[in-house]
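Engineer: Below is one structure. I have some questions about it.
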Amino acid sequence: MAASQIRLLTLVAILAAWELVARSGLLYQEVVPSLLKIAAAFVRMLFEKDTWRHFGVTAWEVGAGLAAGYLLGLAFGLAAGTRRFFGAAVAPYVDGVATAPKIVFLPIVMLLVGTGIGSKLALGALSAFFPVAINTAASVRQVDPVLVRVGRSFRLSRWQMATRIYVPALRPSLVTSLRLGFGLAVVGVLLAEIKLSNAGLGFLANEHYSNFRVADLYAVLVLIFVVAVGLNSLMSRFAERRNQRICS
Amino acid sequence: MKPATAGILGVAAAALAMEGVVRAGWVSPLVVAPPSALPEAFRRMWDEGFILHPALITLAQAFAATGAAAAIGIPWGYVLWRRPVLGEAYTPWIGAAFAAPTVLLFPLFLVLFGRGYATTIFVGFIAAAIPIVLKTREAFVAVPKVLLDVGRSFNLGEGGLVRRVAFPAAVPGIFTGLRLGLIYALVNIIGMEFLIDFGGLGRIASEMYFRFEIPGMYVAILLIVLVSWIFLAALTRLETWLRPR
Chain A
20 MAASQIRLLT LVAILAAWEL VARSGLLYQE VVPSLLKIAA AFVRMLFEKD
70 TWRHFGVTAW EVGAGLAAGY LLGLAFGLAA GTRRFFGAAV APYVDGVATA
120 PKIVFLPIVM LLVGTGIGSK LALGALSAFF PVAINTAASV RQVDPVLVRV
170 GRSFRLSRWQ MATRIYVPAL RPSLVTSLRL GFGLAVVGVL LAEIKLSNAG
220 LGFLANEHYS NFRVADLYAV LVLIFVVAVG LNSLMSRFAE RRNQRICS
Chain B
1239 MKPATAGILG VAAAALAMEG VVRAGWVSPL VVAPPSALPE AFRRMWDEGF
1289 ILHPALITLA QAFAATGAAA AIGIPWGYVL WRRPVLGEAY TPWIGAAFAA
1339 PTVLLFPLFL VLFGRGYATT IFVGFIAAAI PIVLKTREAF VAVPKVLLDV
1389 GRSFNLGEGG LVRRVAFPAA VPGIFTGLRL GLIYALVNII GMEFLIDFGG
1439 LGRIASEMYF RFEIPGMYVA ILLIVLVSWI FLAALTRLET WLRPR
């Protein structure tokens, strides 16, 4: 049997098992609703104006948070990569904070910027910052030293070194950083919305959960997953194409 | 001056600056806890059982989740290597799940398992199982063919070949998966505890915030960073030590 057939069969088996459990009465029906119910909730949700308002809030928080975290991470990564001493001094602290789950910084962020959209945006930025900074610093250290020496021999300023030498040499890594940052910004923003907010897809999921509208909750999760995974794979393809073009 | 010394001095300078801006009244102590208040908050939290017990609960969950993930993930990774068609069919899915924000599925687990350890451990299990399966398969795939041929030349059967040759050669790769799994499990479990106000260290950070005990909240967050960091460093060292040279 071919791999694609196995995948198709597995998918069918999972869906059939879900439907069987939903109809069997083994579990409380509201906990595992029928696939038809979830599909109906999904379609209904797509036609509700409120869904797109929440979607817009989340998109704005992720977009602005990613932009802020990306630019800050890029600047920090360039500094840590080009200045060995600074890089070695900050590395243990950056690695330490990067390992910790970013959602636990939400209380500090909320104290600093309030509980509104700003806190979600800031958490998105914080989540995106670390992979971008670490990836950029590591990539800078791998830039061909000949290019750096050429820049120095032309007496380029720091800004010119960054924009004329490092950024062009780092193009493949910049796209990879964007993809990594995006994935974590989405998670950071949505978890922050679930924890404490009054708008966004995370808030919508939490509302459905709190009111035990389980089919609607699943529908929101499906939407979140489809958008997050879809955008992530689009970015991966974009990164691959860019890298192929740069390498060819 | 060594970079490590400069790093410590930098952290000390940042702490002094924070203390200064709070004492000068430029920033409210209700927003930024002055670093001088943290030792007292730590002592109080230690006395009230907010440090050691929650830390042990979190670590126990991380080990339980990783243990379960290893029990299922290592055999699964082995099967994906042993049956290449299954590896070809499922590895792209597992790879996609590695990049997907699976932690966002936690409301679904809350509905299925309720607000308790089953949910936090299951979230940790999912986070740990994915790298364990992937790294186990990778480790078996990377076993040099010449080693397997040597085993066959000694007339080892398929079982003996796996037990005596393939598995020992794959152990370092499998350990990388276990290390990643344990770290992902820990991080996801702490995040989950924070989100659902249940369990160990993550719950403490959330509880301190909602009780408005700002120095305590900072202590809890610093503790989480410290535990994650020590965990990562210790496992990386252990892996380096275990790897054959």
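Residue numbers (the numbering used here), protein chains in the order written: chain A, 20 to 267; chain B, 1239 to 1483.
The beta carbon of each residue, even a glycine, is placed where N, CA and C say it ideally should be.
The structure displayed is predicted, hence computed values, not measured ones.
Let's see if you can read the secondary structure: which residues bound the alpha helix (DSSP H) around A:L39?
Structural biologist: For this step, residue 39 of chain A is matched to residue 20 along the first sequence. Taken as a continuous stretch (DSSP letters only), the alpha helix (DSSP H) holding A:L39 covers 22-43.
Engineer: Compare the C-beta of B:Y1447 with all C-beta atoms of chain A and state if any pair is closer than 8 Å.
Structural biologist: Counting from one through the second sequence, the residue named residue 1447 of chain B turns up at place 209. Yes, its Cβ sits closer than 8 Å to a Cβ of chain A.
Engineer: Under 8 Å by Cβ, that's how I've got B:A1302 and B:I1368 pegged, so tell me the actual separation to the nearest angstrom.
Structural biologist: Numbered from 1 along the second sequence, position 64 holds the residue referred to as residue 1302 of chain B. Numbered from 1 along the second sequence, position 130 holds the residue referred to as residue 1368 of chain B. The pair is not a contact, with the Cβ atoms about 17 Å apart (cut-off 8 Å).
Engineer: Along chain B, in chain order, which residues have C-beta atoms closer than 9 Å to that of A:R26?
Structural biologist: As a working mapping, residue 26 of chain A is identified with position 7 in the first sequence. Ordered by position in chain B, the residues that pass the 9 Å Cβ test against A:R26 are A1327, Y1328, P1330, W1331.
Engineer: At a Cβ threshold of 8 Å, is A:G44 touching chain B?
Structural biologist: Mapped onto the first sequence, residue 44 of chain A falls at position 25. No - not a single Cβ of chain B is within 8 Å of the one on A:G44.
Engineer: So, using beta-carbon positions, are B:Y1422 and B:A1356 closer together than 8 Å?
Structural biologist: The residue given as residue 1422 of chain B occupies position 184 in the second sequence. The residue given as residue 1356 of chain B occupies position 118 in the second sequence. Contact flag unset, no.
Engineer: What does the alpha-carbon distance come out to for the pair B:S1391 and B:L1318?
Structural biologist: Working through the second sequence from its first residue, we reach residue 1391 of chain B at position 153. Working through the second sequence from its first residue, we reach residue 1318 of chain B at position 80. One C-alpha to the other measures close to 25 Å.
Engineer: Are A:F124 and A:L220 close, meaning C-beta to C-beta below 8 Å?
Structural biologist: Locating residue 124 of chain A in the first sequence gives position 105, where the first residue counts as 1. Locating residue 220 of chain A in the first sequence gives position 201, where the first residue counts as 1. The answer is no: Cβ separation not under 8 Å.
Engineer: Which residue comes first and which comes last in the alpha helix (DSSP H) that contains B:W1264?
Structural biologist: Translated into positions along the second sequence, residue 1264 of chain B becomes position 26. Unbroken run through B:W1264: none, as it is neither H nor E.
Engineer: For the alpha helix (DSSP H) containing A:M64, name the first residue and the last one.
Structural biologist: Within the first sequence, numbered from 1, the residue matching residue 64 of chain A stands at position 45. Unbroken alpha helix (DSSP H) run through A:M64: 54-65.
Engineer: Check whether the Cβ atoms of A:I243 and A:L199 sit closer than 8 Å, and answer yes or no.
Structural biologist: Numbered from 1 along the first sequence, position 224 holds the residue referred to as residue 243 of chain A. Numbered from 1 along the first sequence, position 180 holds the residue referred to as residue 199 of chain A. Contact: no.
Engineer: Where does B:A1338 sit, in a helix, a strand or coil, going by DSSP?
Structural biologist: One-based indexing of the second sequence puts residue 1338 of chain B at position 100. B:A1338 falls in the coil class under three-state DSSP.
Engineer: Could you tell me which chain B residues have their CB closer than 8 Å to the CB of A:Y228, listed as they occur along the chain?
Structural biologist: Your numbering for residue 228 of chain A matches position 209 in the first sequence. The contacting residues are P1345, L1348, V1349.
Engineer: Give every residue of the same chain whose Cβ lies closer than 7 Å to the Cβ of A:K56, excluding the five residues on either side of it in the sequence, and list them in chain order.
Structural biologist: Stepping through the first sequence from its first residue, residue 56 of chain A is reached at position 37. Contacts found: A234.
Engineer: Against chain A, with Cβ distances strictly below 8 Å, would B:I1459 count as a contact?
Structural biologist: In the second sequence, the residue the question calls residue 1459 of chain B occupies position 221. So, interface residue.
Engineer: Locate the alpha helix (DSSP H) running through A:D69, then write down its first and last residues.
Structural biologist: Position 50 of the first sequence holds residue 69 of chain A. Counting along the chain, the alpha helix (DSSP H) containing A:D69 begins and ends at 68-101.
Engineer: May I have the straight-line CA-CA distance separating A:A247 from A:L203, to the nearest angstrom?
Structural biologist: The residue you call residue 247 of chain A lines up with position 228 of the first sequence. The residue you call residue 203 of chain A lines up with position 184 of the first sequence. When rounded, the distance between both Cα atoms is 10 Å.
Engineer: On the premise that B:I1370 lies in contact with B:L1324, defined as a C-beta separation below 8 Å, what is that separation, rounded to the nearest angstrom?
Structural biologist: Along the second sequence, read from residue 1 onward, the residue named residue 1324 of chain B stands at position 86. Along the second sequence, read from residue 1 onward, the residue named residue 1370 of chain B stands at position 132. B:L1324 to B:I1370, Cβ: 16 Å. No contact.
Engineer: Hey, could you find the ends of the alpha helix (DSSP H) B:G1415 is sitting in?
Structural biologist: Taking the second sequence and counting its residues from 1, one reaches residue 1415 of chain B at position 177. Here the alpha helix (DSSP H) through B:G1415 covers 1405-1434.
Engineer: Which two residues bound the contiguous alpha helix (DSSP H) that contains B:L1372?
Structural biologist: Position 134 of the second sequence, counted from the start, is the residue given in the question as residue 1372 of chain B. Note, B:L1372: alpha helix (DSSP H), 1355-1379.
Engineer: To the nearest angstrom, how far is the alpha carbon of B:G1333 from that of B:L1350?
Structural biologist: As a first step, residue 1333 of chain B must be located in the second sequence, where it is residue number 95. As a first step, residue 1350 of chain B must be located in the second sequence, where it is residue number 112. Taking the straight line joining both Cα atoms gives about 25 Å.
Engineer: Between which two residues does the alpha helix (DSSP H) carrying B:T1474 extend?
Structural biologist: Here the question's residue 1474 of chain B lines up with position 236 in the second sequence. From DSSP, the alpha helix (DSSP H) with B:T1474 extends over 1452-1480.
Engineer: Got a sec? Which residues, its chain only, sit under 8 Å from A:V81 by beta carbon, not counting five neighbours each side?
Structural biologist: For the purposes of this step, residue 81 of chain A is identified with residue 62 of the first sequence, where counting begins at 1. Excluding positions up to five away in sequence, the list reads G143, F201, A204, V205, V208.
Engineer: Please classify A:K68 as buried or exposed, where buried requires at least 16 neighbouring CB atoms within 10 angstroms.
Structural biologist: Along the first sequence, read from residue 1 onward, the residue named residue 68 of chain A stands at position 49. By the 10 Å Cβ count, A:K68 comes out exposed.
Engineer: Measure the alpha-carbon distance for B:V1465 versus B:F1436 and round it to whole angstroms.
Structural biologist: The sequence position of residue 1465 of chain B within the second sequence is 227, counting from 1. The sequence position of residue 1436 of chain B within the second sequence is 198, counting from 1. Taking the straight line from one Cα to the other gives about 18 Å.
Engineer: Output yes or no for whether 8 Å exceeds the beta carbon distance between A:I213 and A:N225.
Structural biologist: Here residue 213 of chain A corresponds to residue number 194 of the first sequence, with the count starting at 1. Here residue 225 of chain A corresponds to residue number 206 of the first sequence, with the count starting at 1. Cβ distance < 8 Å, so A:I213 and A:N225 count as in contact.
Engineer: Taking B:L1424 as the reference, which of B:A1255, B:V1269, B:R1401, B:I1295 has the closest Cα?
Structural biologist: Against the second sequence, residue 1424 of chain B aligns to sequence position 186. Among B:A1255, B:V1269, B:R1401, B:I1295, the Cα nearest to that of B:L1424 is on B:I1295.
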